[in-house]
Amino acid sequence: MPEDDPVSLLLRHEFARLRYDQGLLGEAESEYRQVLSMRRRSLGENHPDSLATQYYLARTLRRRAVEQATGVEASLSEAERLLQRTYEARLRLLGPDHPDTLTSRHGVADLLRARGDLEQALAVYGEVLAARRRVLGGRHPATLVTQQRRAEVLWRLERTAEAETELRWLRRVNREVRGQDHPRTLATDQHLVALLHERGRLSEAKELVRVVLASLRRSLGNTHPTTMAVRHRLGLIYLDQGDLDAAQRELASVHVDRSITLGVDHPDTQQTNEILVAIQRRMDTTTNGSD
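Using the numbering used here, read the sequence shown as starting at -18 and increasing by one per residue.
Here's what the structure looks like:
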């Protein structure tokens, strides 16, 4: 089978998507670049398959920029060029309300958010959200993703009351549409927990975090990095409530599991350890002060 055979390129494109989902972004980027080059050569730059690979390459570059420590600006700049090119081509060929065009526009908003241009990102998310509601419906998974992103930006802009309203609506609808243990549902729950914690509504945050933990333990296990992050959050809530004993127990358990799963030198493990040290100092000060 020739290397530029459509079936071969489709399989390689899907392999790159698998690598992306596994977090192997360097491999995903390399594979996408090769597939894009061959699709452009054999199908043309504006063929739907070429545009699809171009979009996914841009998405990979954006994610690498967010997660890496060096080369951030170069990755974001290339991602921006590819996303804008994809959006303009789809807008011209498919029209403004086509789902692929809206996906490209959503990608532009994601890039703006990664750059820290939050006001502009909020505006673009709002445009995409209105269009997706009109074309796909308010409860369509793609519409819900855009609404989630918009709520996150509202929070970062410190419009916390609006963000909370959005997240509570999303929490209810995600449960109805996807189920309580779906990753998207749990992601919304985690954002709501963090927002409540940040606003000092500790009892509400603690009640919700226990519900989230039950779902995460059921779906991912107790030592999955996401579960451990939420357990860490519970320890911080105990700490902010002044319950040092409960905070110490919870965070000590997280520290043991993070040390085994992630390693003692992992930043998350070290963060938990630093908080444990601070708790012990407070407990020692309290004990000495009462003598």
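For glycine and all other residues, C-beta sits at the position ideal for the given N, C-alpha and C.
Nearest neighbour of residue i, chosen from the options [CA to CA]
{"i": "arginine 62", "options": "His79, Leu38, Leu75, Leu72", "result": "Leu38"}
{"i": "threonine 207", "options": "Leu194, Ile218, Tyr219", "result": "Leu194"}
{"i": "aspartate 81", "options": "Leu57, Leu32, Gln251, Val(-12)", "result": "Leu32"}
{"i": "leucine 57", "options": "Pro29, Arg140, Arg94", "result": "Arg94"}
{"i": "leucine 42", "options": "Ser23, Gly160, Leu64, Asp30", "result": "Leu64"}
{"i": "glutamate 255", "options": "Ala112, His213, His79", "result": "His213"}
{"i": "glycine 88", "options": "Gly76, Glu54, Glu69, Gly202", "result": "Glu69"}
{"i": "arginine 239", "options": "Arg96, Thr250, Asp246", "result": "Thr250"}
{"i": "tyrosine 219", "options": "Leu257, Gln128, Asp91", "result": "Leu257"}
{"i": "leucine 6", "options": "Gly202, Glu48, Val237", "result": "Glu48"}
{"i": "asparagine 203", "options": "Leu125, Gly223, Val237, Arg182", "result": "Val237"}
{"i": "leucine 201", "options": "Glu179, Leu243, Pro164", "result": "Pro164"}
{"i": "glutamine 261", "options": "His247, Gln229, Pro248", "result": "Gln229"}
{"i": "glutamate 179", "options": "Asp30, Arg140, Gly25", "result": "Arg140"}
Beta-carbon contacts of residue i that lie in its chain and below 6 Å, excluding the five residues immediately before and after
{"i": "leucine 177", "result": "Glu185, Ala186"}
{"i": "serine 273", "result": "Since the first and last residues shown for the chain are -18 and 272, residue 273 lies out of range."}
Between the CA atoms of residue j and residue i - distance to the nearest angstrom
{"i": "isoleucine 241", "j": "leucine 225", "result": "24 Å"}
{"i": "phenylalanine -4", "j": "alanine 259", "result": "46 Å"}
{"i": "leucine 117", "j": "arginine 149", "result": "21 Å"}
{"i": "serine 273", "j": "leucine 151", "result": "Residue coverage of the chain in this structure runs from -18 to 272, which leaves residue 273 outside it and unanswerable."}
{"i": "glutamine 35", "j": "aspartate 2", "result": "17 Å"}
{"i": "alanine 46", "j": "threonine 253", "result": "26 Å"}
{"i": "glutamate 8", "j": "leucine -8", "result": "15 Å"}
{"i": "valine 158", "j": "valine 174", "result": "21 Å"}
{"i": "aspartate 162", "j": "aspartate 98", "result": "32 Å"}
{"i": "leucine 72", "j": "alanine 112", "result": "13 Å"}
{"i": "valine -12", "j": "proline 122", "result": "28 Å"}
{"i": "glutamine 15", "j": "proline 248", "result": "34 Å"}
{"i": "arginine 21", "j": "leucine 243", "result": "41 Å"}
{"i": "arginine 120", "j": "histidine 28", "result": "30 Å"}
{"i": "leucine 74", "j": "tryptophan 136", "result": "35 Å"}
{"i": "arginine 96", "j": "aspartate 265", "result": "44 Å"}
Same chain only: Cβ atoms within 8 Å of residue i, ignoring 5 sequence neighbours per side
{"i": "methionine 19", "result": "Glu(-16), Asp(-15), Leu(-10)"}
{"i": "arginine 131", "result": "Leu103, Tyr106, Gly107, Leu110, Glu147"}
{"i": "leucine 197", "result": "Leu167, His205, Thr207, Thr208, Val211"}
{"i": "glutamate 100", "result": "Leu138"}
{"i": "threonine 67", "result": "Leu32, Gln35, Tyr36, Ala39, Ser85, Gly88"}
{"i": "glycine 160", "result": "Thr166"}
Neighbour-count burial assignment, residue i, 16 or more Cβ in a 10 Å radius
{"i": "asparagine 155", "result": "buried"}
{"i": "valine 190", "result": "buried"}
{"i": "aspartate 170", "result": "buried"}
{"i": "threonine 267", "result": "exposed"}
{"i": "valine 134", "result": "buried"}
{"i": "valine 235", "result": "buried"}
{"i": "alanine 144", "result": "buried"}
{"i": "glycine 216", "result": "buried"}
{"i": "glutamate 10", "result": "buried"}
{"i": "valine 245", "result": "exposed"}
{"i": "aspartate 91", "result": "buried"}
{"i": "arginine 199", "result": "exposed"}
{"i": "arginine 44", "result": "buried"}
Check: residue i C-beta below 8 Å from any heavy atom of the ligand SAH
{"i": "arginine 191", "result": "What this structure holds is no ligand at all, so the ligand SAH is not there to describe."}
Neighbourhood of residue i by C-beta, 7 Å cutoff - its chain only, sequence neighbours within 5 removed
{"i": "glutamate 284", "result": "Nothing in the structure corresponds to residue 284, since the chain is present only between -18 and 272."}
{"i": "glutamate 231", "result": "Arg212, Leu215, Gly216, Tyr219"}
{"i": "valine 53", "result": "Ala46"}
{"i": "glutamine 222", "result": "Leu183"}
{"i": "glutamine 128", "result": "Leu110, Glu147, Leu151"}
Interface flag, residue i vs chain D, CB-CB below 9 Å
{"i": "threonine 141", "result": "Absence of chain D from the displayed structure is noted, only one protein chain being present."}
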